[in-house]
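**Student:**
Protein chains: 4
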Amino acid sequence: MTARTGRHFLQIPGPTNVPDRILRAIDNPTIDHRGPTFAELGREVLAGIKTIFVTDNPVVIFPTSGTGAWEAALVNTLSAGDAVLLCETGHFSNLWREMAGRLGLNVETLDGDWRHGADPASVEEALRQDGGRRIKAVMVVHNETSTGVTSNIPAIRQAIDNAGHPALLMVDVISSLGSIDYRHDAWGVDVTVGGSQKGLMLPPGLSFNAVSDKALAAAETGGMPRSVLDWRPMLDAGKNGFFPYTPSTNLLYGLREAIAMLHEEGLEAVFARHARHAEATRIAVRGWGLETLCQSPNEHSNALTAVVMPNGSGADDFRKRVLSAFDMSLGAGLGRMTDRIFRIGHLGSFNDLMLAGTLAGVDMGLQLADVPHTRGGLDQALSFLAKTSAEAGA
Amino acid sequence: MTARTGRHFLQIPGPTNVPDRILRAIDNPTIDHRGPTFAELGREVLAGIKTIFVTDNPVVIFPTSGTGAWEAALVNTLSAGDAVLLCETGHFSNLWREMAGRLGLNVETLDGDWRHGADPASVEEALRQDGGRRIKAVMVVHNETSTGVTSNIPAIRQAIDNAGHPALLMVDVISSLGSIDYRHDAWGVDVTVGGSQKGLMLPPGLSFNAVSDKALAAAETGGMPRSVLDWRPMLDAGKNGFFPYTPSTNLLYGLREAIAMLHEEGLEAVFARHARHAEATRIAVRGWGLETLCQSPNEHSNALTAVVMPNGSGADDFRKRVLSAFDMSLGAGLGRMTDRIFRIGHLGSFNDLMLAGTLAGVDMGLQLADVPHTRGGLDQALSFLAKTSAEAGA
Amino acid sequence: MTARTGRHFLQIPGPTNVPDRILRAIDNPTIDHRGPTFAELGREVLAGIKTIFVTDNPVVIFPTSGTGAWEAALVNTLSAGDAVLLCETGHFSNLWREMAGRLGLNVETLDGDWRHGADPASVEEALRQDGGRRIKAVMVVHNETSTGVTSNIPAIRQAIDNAGHPALLMVDVISSLGSIDYRHDAWGVDVTVGGSQKGLMLPPGLSFNAVSDKALAAAETGGMPRSVLDWRPMLDAGKNGFFPYTPSTNLLYGLREAIAMLHEEGLEAVFARHARHAEATRIAVRGWGLETLCQSPNEHSNALTAVVMPNGSGADDFRKRVLSAFDMSLGAGLGRMTDRIFRIGHLGSFNDLMLAGTLAGVDMGLQLADVPHTRGGLDQALSFLAKTSAEAGA
Amino acid sequence: MTARTGRHFLQIPGPTNVPDRILRAIDNPTIDHRGPTFAELGREVLAGIKTIFVTDNPVVIFPTSGTGAWEAALVNTLSAGDAVLLCETGHFSNLWREMAGRLGLNVETLDGDWRHGADPASVEEALRQDGGRRIKAVMVVHNETSTGVTSNIPAIRQAIDNAGHPALLMVDVISSLGSIDYRHDAWGVDVTVGGSQKGLMLPPGLSFNAVSDKALAAAETGGMPRSVLDWRPMLDAGKNGFFPYTPSTNLLYGLREAIAMLHEEGLEAVFARHARHAEATRIAVRGWGLETLCQSPNEHSNALTAVVMPNGSGADDFRKRVLSAFDMSLGAGLGRMTDRIFRIGHLGSFNDLMLAGTLAGVDMGLQLADVPHTRGGLDQALSFLAKTSAEAGA
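Protein chains in written order, with the working numbering: chain A, 631 to 1024; chain B, 631 to 1024; chain C, 631 to 1024; chain D, 631 to 1024.
(1) Under 8 Å by Cβ, that's how I've got C/Gly829 and C/Ser781 pegged, so tell me the actual separation to the nearest angstrom.
(2) Answer yes if the region 981 to 990 of chain D comes into contact with the region 977 to 988 of chain C, meaning at least three C-beta pairs across the two stretches below 8 Å, and no otherwise.
(3) Report the rounded CA-to-CA distance for B/Val771 versus B/Leu923, giving the unit in angstroms.
(4) Under 8 Å between C-beta atoms, does D/Ala962 make it to chain B?
(5) Just to confirm the assignment, what range does the beta strand (DSSP E) spanning B/Val803 have?
(6) For B/Met631, decide whether its Cβ has a neighbour in chain C, counting only Cβ atoms nearer than 8 Å.
(7) Answer with buried or exposed for B/Pro863, where buried requires no fewer than 16 other C-beta atoms within 10 angstroms of its C-beta.
(8) B/Gly698 and B/Phe873 - do their beta-carbons sit closer together than 8 Å?
(9) Relative to the C-alpha of D/Leu676, which candidate in D/Ser806, D/Arg916, D/Phe956, D/Glu887 has its C-alpha closest?
(10) Return the chain-ordered list of same chain residues with a C-beta closer than 7 Å to the C-beta of D/Gln599, the five sequence neighbours on each side being excluded.
(11) Cβ of D/Glu701 less than 8 Å from any chain B Cβ?
(12) Can you confirm whether A/Thr1004, when its beta carbon is compared against all beta carbons of chain B, has any partner nearer than 8 Å?
(13) Which residue marks the beginning of the alpha helix (DSSP H) containing A/Val900, and which one marks its end?
(14) Helix or strand or just coil, what does DSSP make of D/Phe838?
(15) Find the nearest neighbour of D/Leu977 within the set D/Leu996, D/Gly636, D/Gln641, judged by alpha-carbon distance.
(16) Excluding the 5 residues flanking D/Gly1006 on each side, which residues of the same chain have their C-beta closer than 7 Å to its C-beta?
(17) Checking contacts by CB at 8 Å: is D/Asn880 closer than that to chain A?
(18) Can you grab the Cα-Cα spacing for the pair C/Glu1021 / A/Tyr875, in whole Å?
(19) Roughly how many angstroms lie between the CA atoms of A/Asp982 and A/Thr685, to the nearest whole one?
(20) Determine whether the Cβ of B/Asp650 lies closer than 8 Å to any Cβ atom of chain C.
(21) Which one of C/Gln1010, C/Phe668, C/Leu715, C/Thr635 has the shortest CA to CA distance from C/Asn880?
(22) Does the distance from the CB of A/Arg973 to the CB of A/Pro643 come in under 8 Å?
(23) Mark C/Arg654 as exposed unless 16 or more other C-beta atoms lie within 10 angstroms of its C-beta, in which case mark it buried.
(24) Between B/Ser1013 and B/Thr911, what straight-line distance do the alpha-carbon atoms span, to the nearest angstrom?
(25) Does any residue of chain C bring its CB to less than 8 Å from the CB of D/Met939?
(26) What are the boundary residues of the alpha helix (DSSP H) that includes D/Phe948?
(27) Locate the beta strand (DSSP E) running through D/Met994, then write down its first and last residues.
(28) Under the three-state reduction of DSSP, which class applies to B/Ile679: helix, strand or coil?
(29) Using a Cβ cut-off of 7 Å, pull out every chain B residue sitting near C/Pro659, in sequence order please.
(30) So what does DSSP say about C/Val938, is it helix, strand or coil?
(31) Can you check which of these residues, B/Leu798, B/Val823, B/Val992, B/Val648, is closest to B/Thr707 by C-alpha distance?
(32) Give the C-beta separation of B/Gly711 and B/Gly734 to the nearest angstrom, bearing in mind that I take them to be a contact with Cβ-Cβ under 8 Å.
(33) Name the DSSP bridge partner or partners of D/Ser959?
(34) Just reading off the beta strand (DSSP E) that B/Glu738 is part of, what are its end residues?
(35) With 16 other CB atoms within 10 Å as the buried threshold, where does D/Pro649 fall?
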């Protein structure tokens, strides 16, 4: 309708606001992906990305968005007809399940209510009952982007170990990587699936598989027919900083910058920043007398917050009005949560005043759309931010 | 100290937040400023800038920042020893006065208290007393950037006319152009001085003189010794879209874009947007129990708001803490207002949530710095924004 | 060693020199890929790309490089165990063959000598002998990037029709799209595979499948297990300008610009420009007394020229010295042509003086590396360019 | 007419081809020019620019193009009515003379034929005859951009010293800075005038005065009425990395990058590169049987080459055809050389193949425009480049 001025508030839980420094890096001439300059870039990002997954093993970088890396995890390690155990945590766990089904896998689901994380006890129980070791993999989403609920990955690992089960542990960290503490090696994960457009602050178009030795062994001899998603030529070429087919060179420029930026801030500081912003958001939600979708205090996501509409519906109209009136994109409820929740992304390249603007947009939207709520949520959130600011501590 | 993440809030009253569209335009290869492609650009910006000053006369574009255009106004039309009448409205009026003095002009000042605009009655009185017509120019700042107070230019024009005095009317619109309604021709101004880095949303480095026929006539035969700031070769070369010496080509790319953006939004809409954001800011200030420097309800600036520290000092510490804690730059008190006020810029490429973030930053800063204030200012401002949003009217 | 100055000459046959206009488009903030602004972008590029493939059917845009689109062509239409007929024309035809094998297809190859295009007579013969209609697809590379030889696609279509065979015709146009005349519908192709980083002047990271109704029908009910490369959800979501999973948003900004640029120049003019530059290059090669790899006058590629080393080897040393001395990347000989040829890319965003610089770099490299050659090639090429310049005709 | 493809060849002697790295630096958000982040930038560029002028004294950076710095040199040190001695070397020396005249200076000119540099003997003679020490400054252009002739600055210094004359030595290095060896301190220059858009590889919009203690002393107490060009507030504010009025912040980002790039290559290497490219250009000119405007073997410019049209005219038509046919901008003959010469810029961010493309464009233009010439110039230039390439020496 009217020309937009100022900066759009992209507060969906990814893609996130891409910093200028990364955009400018991407805006550099494409180079020969077979030449020596590229090899330096390749070696740098292939080494650097390991520090983000906290793994000593190689990480495969795919020139495609996260859904490709989901598929890669499955086709490299499993065979048609294999059984997998999937913890339902929300819409994205279910999309991954559907993908597994389309690829011919036999998915056994541990149903969830979308308001809690994956249940380690159920996983252990299911695996104990799998005497025939039919289950080849346990699939869990670390930070369920559709609900704002995280799952306890070390506890899932422990559950598998308790059951003495050899299944691979596959974890989707698409919306937690670079935002919430995650450790591929230390937590004993076999395949971790990541993407570029969330905590890594990049545009979409790159995705990742961190792999354990056990996963590599499975891929060496097994897996489904595959070509572009095959780890093996990736790992071979990667030893010299190259890729077996044309990589997404310009996004790799951005990846180099993103890794540098995360380390300049420090991963610990990055996680603490996300935790503080998430806490402020939850304070606002409570202050408005509203409910987060997540019902488990220990499982709140630090990357996004899903807010339940008090009347059970109207979230889509609310989001539409916020977009129209305040030029802010919020995340929709997905799947069974459609129209029932909206999601606030507070991850990536972000700071206190961007969060304040975001929460103010929600606050004004609640007024505009006549959503029943209590005044005061924003004020309480800001007081928290003020009290916990670096300056306050000084 | 800590790595900054997210976007800096540049809420000084200029330079303002430069939109990506303008930055990308500037980020284009420099071209031959004597070639046909440049001529098109030159013609386009020289024609376009007239629509912003609302004049049918030519506008001179200087490849330098606003201070150069201040000097150009003086050296093209006046001679050493000439008397000029200057309306003191704040720090920038005084800097212009000092410049006039350095250039050998004889400056008569109408003192001001920095909390009101120029007084038309005083201007009329001073001119009436100038029987010898010694005064060659009346110098006024339209929007005094150091105080957030505007002056009524048509009333000043009327005052000059009432006195039947031939003095030129010179107006500084550096921080109002593209933010607050201004009409060079209709308001009978002789020389208008503008800059690029405020409402035009450009980086600093370009400045402007809009000129009346009377000013041109003065320049044709008079003025001081001058070269780079001389209007005459500028006007000659400009007829063909060129400049007499190397222009700031890349900033002209940005200027073309800025003019287009202002017209896409519509100048009326641009001014209404600034008025609404200024009103919201004043509501916040009042809600905090604080005082704006401007004391005249009709003279509030729509581009910035200067806020008086309740204890009479501490503004610099306050700004420093806001910068440190929340990565927001606020404007300092200047000259006699040093440490007594801080200034909030709400002009240029801006929107509701950027304003909300800005006001939240001030709100949290007041908490952090223990500035005596009442809670509630931000909430009242947001309610006003919600009620007056485009969506609210729908 | 030494710091590079000036602009690198990226004269491999893709990725090509990305124009500033496209790089600046990519360097824009990522937006919500589920929102209305994205839908406009999506509709625009999905409609626009059809004009480049010259098809009225939909074109699927994958957020991955060309190899993914190769795989998509196969997995959407064929089943494990299906036979396909592949025309060997060079290294890339062979990589596609290997991929088909890895996916469980039964590849029958029509061997080639890498110096001629695919032979329609052999195709017709092979299909006539396939009485059982085991062959489900004929796979041809339109412009073999490894050799600089094109294949006559309409003649292949005719051959299939002559044999009355129902096999699908699949054509790789990765290095011809946007450089050499190609018409998906008119030429009766079933699946055309394209990429972004050649004639489309984009960085790598997007690829395409143009599809016939027949191919769509095959995909509807058949194909292999697949998910990210599945056409069906792509076509569904695409009706509204969306994608079933996160697209490569920023590259789509570039694609919109690339399509606009091709039409501003005019596709006919684009093809004529490539033809003229290719002719100039061949004149230079002949003038140097060297041989192109392509031996068939009607099959020379207009996108690149492969030059045979006169002594049968040394191409890699030659390329390395050209890179080191003149900062120009040339294409290597691949597969069985390793070290025997070098390839000059003259496609994409290119003009006469860029070609002149490129040929000068080859000319000086021949001197530096003591490659036996006749002087004069460059001069003859430039005379041709001068005579055929737009200005010459004026 | 037709859409341009590929990269424009900007081969005027400035503005030069701005490297991507510098354009991307400029394309960053403008910051508060009164804040701590700016102070770091300011200190860095104010220190860095001294290394380019090779001076221990401060260098003033003006937010305007070179003509402003010409004026600054005069108005800071001289008074109306002062005599200055100007060495005529071409169009730009004469423009500087005209400026001096407009500012009320009394210019005594040592006439030149535009084909040789300034004559030290004439300078010495003129100063010896100035018994009354009326002459306050000697004005010389180091590299006369309109002719491609350099002047021997140390010899001019020696001439002044021989005459025992106290005149200030003012040197314009606008088109030599960053391309041709120059040493403000070692050569005893009092005011050096530089610009951003030549060897510094920046867009136009910044200019410089390097100043000796003697010049500073003159400015402290003397000079003309001045304000924006006044050194004194610049030097004061600069001590802390600031500027007395709004600087051209975004161009300063570029300056920081430019200084870094020159040092990464090494100033000696930069000068050697320019010398080699200039020599190659002169070889081409000789090989075409054409004449350079410069007639003195020791005074050839390494930044540009001016070529005399063999028939005495037609240069403008020639340039126009080259622009139209080959998208290359060449420099025009200026002043008395109008239409009689064209100028080839080979300075700034440049390399062998860019030069080869440039010379090829001239070569083809000579053919197109039927300019009488001998074939072979380009070939000889390329042979020189090949023989002297880094690789050749290996």
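Built from N, CA and C at the ideal position, the CB exists for glycine as well.
It should be emphasised that the depicted structure is a prediction, and the values quoted were computed from it without experimental measurement.
**Tutor:** Working from what's here:
(1) Residue mapping note: residue 829 of chain C aligns to position 199 of the third sequence, counting from 1. Residue mapping note: residue 781 of chain C aligns to position 151 of the third sequence, counting from 1. Not quite, the Cβ-Cβ distance comes to about 17 Å (not below 8 Å), so this is no contact.
(2) yes
(3) The residue given as residue 771 of chain B occupies position 141 in the second sequence. The residue given as residue 923 of chain B occupies position 293 in the second sequence. Looking at the two C-alpha atoms, the distance is approximately 16 Å.
(4) If you number the fourth sequence from 1, residue 962 of chain D lands on position 332. By this cut-off, D/Ala962 is an interface position.
(5) As a working note, residue 803 of chain B is residue 173 in the second sequence. B/Val803 -> no beta strand (DSSP E), and no H or E assigned at all.
(6) Position 1 of the second sequence, counted from the start, is the residue given in the question as residue 631 of chain B. Residue confidence for B/Met631 is low, a pLDDT of 39 falling below 50, so the modelled location carries little weight; the figure read from the coordinates is stated next. False, the Cβ-Cβ gap to chain C never drops below 8 Å.
(7) Taking the first residue of the second sequence as 1, we reach residue 863 of chain B at position 233. Flag for B/Pro863 reads exposed.
(8) Position 243 of the second sequence, counting from 1, holds the residue named residue 873 of chain B. Position 68 of the second sequence, counting from 1, holds the residue named residue 698 of chain B. No.
(9) Residue 676 of chain D sits at position 46 when you count from the first residue of the fourth sequence. For the residues D/Ser806, D/Arg916, D/Phe956, D/Glu887, the minimum Cα distance to D/Leu676 belongs to D/Glu887.
(10) With chain D covering 631 to 1024 only, the question about residue 599 of chain D has no answer from this structure.
(11) The sequence position of residue 701 of chain D within the fourth sequence is 71, counting from 1. Interface residue, yes.
(12) Counting from one through the first sequence, the residue named residue 1004 of chain A turns up at place 374. No, no contact with chain B.
(13) Along the first sequence, one-based indexing puts residue 900 of chain A at 270. Looking at the DSSP string, the run of the alpha helix (DSSP H) that includes A/Val900 is 897 to 917.
(14) Residue numbering aside, residue 838 of chain D sits at position 208 when the fourth sequence is read from its first letter. In this structure, D/Phe838 counts as strand in the three-state DSSP scheme.
(15) One-based indexing of the fourth sequence puts residue 977 of chain D at position 347. Of the candidates D/Leu996, D/Gly636, D/Gln641, the one whose C-alpha sits nearest the C-alpha of D/Leu977 is D/Gln641.
(16) For the purposes of this step, residue 1006 of chain D is taken as the residue at position 376 of the fourth sequence. Result list for D/Gly1006: Gly917, in chain order.
(17) Indexing the fourth sequence from 1 puts residue 880 of chain D at position 250. Chain A contact via Cβ: absent.
(18) Here residue 1021 of chain C refers to the residue found at position 391 when the third sequence is read from its first residue. Here residue 875 of chain A refers to the residue found at position 245 when the first sequence is read from its first residue. C-alpha separation (whole angstroms): 41 Å.
(19) The sequence position of residue 982 of chain A within the first sequence is 352, counting from 1. The sequence position of residue 685 of chain A within the first sequence is 55, counting from 1. Going from the Cα of A/Asp982 to the Cα of A/Thr685 covers about 31 Å.
(20) Residue numbering aside, residue 650 of chain B sits at position 20 when the second sequence is read from its first letter. Yes, its Cβ sits closer than 8 Å to a Cβ of chain C.
(21) Residue 880 of chain C sits at position 250 when you count from the first residue of the third sequence. Looking at the Cα atoms, C/Phe668 is the closest of the given residues.
(22) Within the first sequence, numbered from 1, the residue matching residue 973 of chain A stands at position 343. Within the first sequence, numbered from 1, the residue matching residue 643 of chain A stands at position 13. Taking 8 Å as the Cβ cut-off, A/Arg973 and A/Pro643 qualify as a contacting pair.
(23) By 1-based counting over the third sequence, the position of residue 654 of chain C is 24. Flag for C/Arg654 reads buried.
(24) If you number the second sequence from 1, residue 1013 of chain B lands on position 383. If you number the second sequence from 1, residue 911 of chain B lands on position 281. Each residue's alpha carbon lies about 12 Å from the other.
(25) Reading the fourth sequence from its first residue, position 309 is the one you call residue 939 of chain D. Judged by the 8 Å Cβ criterion, D/Met939 is not in contact with chain C.
(26) Numbered from 1 along the fourth sequence, position 318 holds the residue referred to as residue 948 of chain D. Taken as a continuous stretch (DSSP letters only), the alpha helix (DSSP H) holding D/Phe948 covers 945 to 956.
(27) Position 364 of the fourth sequence, counting from 1, holds the residue named residue 994 of chain D. No beta strand (DSSP E) holds D/Met994; the alpha helix (DSSP H) holding it covers 982 to 998.
(28) Here residue 679 of chain B refers to the residue found at position 49 when the second sequence is read from its first residue. Helix.
(29) Translated into the one-based positions of the third sequence, residue 659 of chain C becomes position 29. Near C/Pro659 (Cβ distances below 7 Å), the residues of chain B are Asp650.
(30) What you label residue 938 of chain C is simply residue 308 of the third sequence in a count that begins at 1. Strand, per DSSP.
(31) Translated into the one-based positions of the second sequence, residue 707 of chain B becomes position 77. Of the candidates B/Leu798, B/Val823, B/Val992, B/Val648, the one whose C-alpha sits nearest the C-alpha of B/Thr707 is B/Leu798.
(32) Counted from its first residue, the second sequence places residue 711 of chain B at position 81. Counted from its first residue, the second sequence places residue 734 of chain B at position 104. Confirmed, about 6 Å.
(33) Counted from its first residue, the fourth sequence places residue 959 of chain D at position 329. D/Ser959 pairs with D/Leu640.
(34) Here residue 738 of chain B is taken as the residue at index 108 of the second sequence, counted from 1. From DSSP, the beta strand (DSSP E) with B/Glu738 extends over 736 to 740.
(35) Locating residue 649 of chain D in the fourth sequence gives position 19, where the first residue counts as 1. That one is buried.
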